[in-house]
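What follows is a single structure, written as structure tokens, with notes after it.
Residue numbers (this note's numbering): 1061 to 1164.
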């Protein structure tokens, strides 16, 4: 298995989105259903750690692939709304695999 920056970034983006889901479910149970904090107590720190891991992976892949500052900034902002890291990672992967037009 390769630990390339792109692979680590993909795993971090997926993990960050999954931790968002866990935190949102925990918040739903805390504030809507049973007023029990256990979900937030469990997924809050997990999400915090995955957020930091995503940002570290973002810096690593951006440097390795020489991203523009704009692409890096979009990736950083994508870490804030729930599940946007997945959308950003899918877009980056599509751009990465797109054929590069030849120069005449």
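By construction, the Cβ of each residue, glycine as well, lies at the ideal position given by its N, Cα and C atoms.
None of the values given here were measured: they were computed from a predicted structure.
Around the Cβ of residue i, are there at least 16 other Cβ atoms within 10 angstroms (buried) or fewer (exposed)?
{"i": "residue 1064", "result": "exposed"}
{"i": "residue 1076", "result": "buried"}
{"i": "residue 1091", "result": "exposed"}
{"i": "residue 1061", "result": "For residue 1061, the pLDDT reaches just 42, beneath the cut-off of 50, and the residue's location in the model is therefore unreliable, leaving the point undetermined."}
Since I believe residue j is in contact with residue i (beta carbons under 8 Å), could you give me their beta-carbon distance rounded to a whole number of angstroms?
{"i": "residue 1139", "j": "residue 1103", "result": "The Cβ separation is near 16 Å, so there is no contact."}
{"i": "residue 1120", "j": "residue 1068", "result": "7 Å"}
{"i": "residue 1122", "j": "residue 1132", "result": "5 Å"}
{"i": "residue 1085", "j": "residue 1099", "result": "6 Å"}
{"i": "residue 1135", "j": "residue 1107", "result": "Residue 1135 to residue 1107, Cβ: 18 Å. No contact."}
{"i": "residue 1089", "j": "residue 1096", "result": "6 Å"}
Assuming residue i is part of the alpha helix (DSSP H), what are its boundary residues?
{"i": "residue 1101", "result": "1098-1124"}
{"i": "residue 1130", "result": "1129-1137"}
{"i": "residue 1142", "result": "Unbroken run through residue 1142: none, as it is neither H nor E."}
{"i": "residue 1069", "result": "1065-1088"}
Give me, in chain order, the residues of the same chain whose beta-carbon lies closer than 7 Å to that of residue i; leave out the 5 immediate sequence neighbours on both sides.
{"i": "residue 1141", "result": "none"}
By Cβ distance below 6 Å, which residues in the same chain neighbour residue i in space, the five residues on each side in sequence not counted?
{"i": "residue 1166", "result": "Since the first and last residues shown for the chain are 1061 and 1164, residue 1166 lies out of range."}
{"i": "residue 1149", "result": "1070, 1073"}
{"i": "residue 1124", "result": "1065"}
{"i": "residue 1023", "result": "The requested residue 1023 does not occur in the structure, where the chain is confined to residues 1061 to 1164."}
{"i": "residue 1110", "result": "1075, 1076, 1079"}
With a threshold of 8 Å on Cβ separation, who are the neighbours of residue i within its own chain once the five nearest residues in sequence on each side are excluded?
{"i": "residue 1147", "result": "1138"}
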